[in-house]
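Residue numbers for the sequence shown follow this note's numbering, so the first one is 11 and each next one is one higher. Yeah, the Cβ is synthetic: ideal placement off N, Cα and C, and Gly gets one too. To start, the structure itself, in structure tokens.
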Amino acid sequence: MNDILGKIIYEIIESVFPRRCPVCGEIVKEKGHLICKKCIKKIPFVKSPYCIRCGKEIISEDDAYCDDCKGEREFTAGRALCNYTDDLAHIILKIKYGNKREYIEGFAKLLALRYKKFLDVANIDCIMPVPLHKSRQRQRGFNQSEILAGCLSKYLDIPVYTKCLYRVKKTKDQKGLSRAERLHNLDNAFVVKEFPKKVKNVLIVDDVYTTGTTIEKCAKILKDAGANEIYFLTICTGGIN
11 MNDILGKIIY
21 EIIESVFPRR
31 CPVCGEIVKE
41 KGHLICKKCI
51 KKIPFVKSPY
61 CIRCGKEIIS
71 EDDAYCDDCK
81 GEREFTAGRA
91 LCNYTDDLAH
101 IILKIKYGNK
111 REYIEGFAKL
121 LALRYKKFLD
131 VANIDCIMPV
141 PLHKSRQRQR
151 GFNQSEILAG
161 CLSKYLDIPV
171 YTKCLYRVKK
181 TKDQKGLSRA
191 ERLHNLDNAF
201 VVKEFPKKVK
211 NVLIVDDVYT
221 TGTTIEKCAK
231 ILKDAGANEI
241 YFLTICTGGI
251 N
């Protein structure tokens, strides 16, 4: 009975508020799909060869790591769904500043399907979104990484913790900064409160991964608080390294 009622409610919602493709903005006609059939073919999914640490595409199959990951890293490993092209940048901007938060679920579903085995091996205890500073979240009205975490939690059946990792420093936009400038910009930007004792392996989620400085800072402070292994998932990653 509950299943039948759920299907009826779903059909009503879909007819009144049809789902739109995050890429082209047109109504998605394929039932159960979150991205239209035409646009799913255009998404620049990350493909091999890629860095075994951060998941960024690399040119040579002979290399195991990208240039950024040839040194020490605070995180264990991470993966991204797509390369950060102009089209994907436009979608991320629409999510952040056009209040198109409903677009996030489509990418979350694809991430969960593609990297479930990767996460099963990692034995993740909880998901933590990269936090926004309270002033920025107040201005925007939501944290896109927190919504992504919630969607992934639904598909992966892993709990989300949002009362642990906080951003306490209002930082500059990381775009256009060098790696050294990014690291300095994020100095003392994050704090951990009430780290759960039973949690050992954490999955951090964010919308975009470039040089990894944000993930690095979050991973360092979480490990200092008691985490063993830090993994991450993002919608997009920077260009081929």
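The C-beta of residue 240 has 16 or more other C-beta atoms within 10 Å across all chains shown, which makes the residue buried. Measuring C-alpha to C-alpha distances from residue 47 to each of 152, 38 and 136 identifies 38 as the nearest.
Under the DSSP assignment, residue 200 falls outside any alpha helix (DSSP H), being part of the beta strand (DSSP E) whose first and last residues are 200 to 202. In this structure, residue 60 lies away from residue 246, with their beta-carbon atoms at least 8 angstroms apart. Residue burial annotation: residue 96 is exposed, with fewer than 16 other C-beta atoms found within 10 angstroms of its C-beta. For residue 138 against residue 225, the beta-carbon gap comes to about 11 angstroms, at or over 8 angstroms, which does not count as contact.
The residue from 113, 125 and 74 with its alpha-carbon nearest to that of residue 44 is 113. Comparing alpha-carbon positions, the option among 175, 207, 204 and 208 lying closest to residue 198 turns out to be 175. Secondary structure at residue 38: coil, using DSSP grouped into helix, strand and coil. With respect to the 8 angstroms criterion, residue 55 and residue 91 are classified as neighbours on the basis of their beta carbons.
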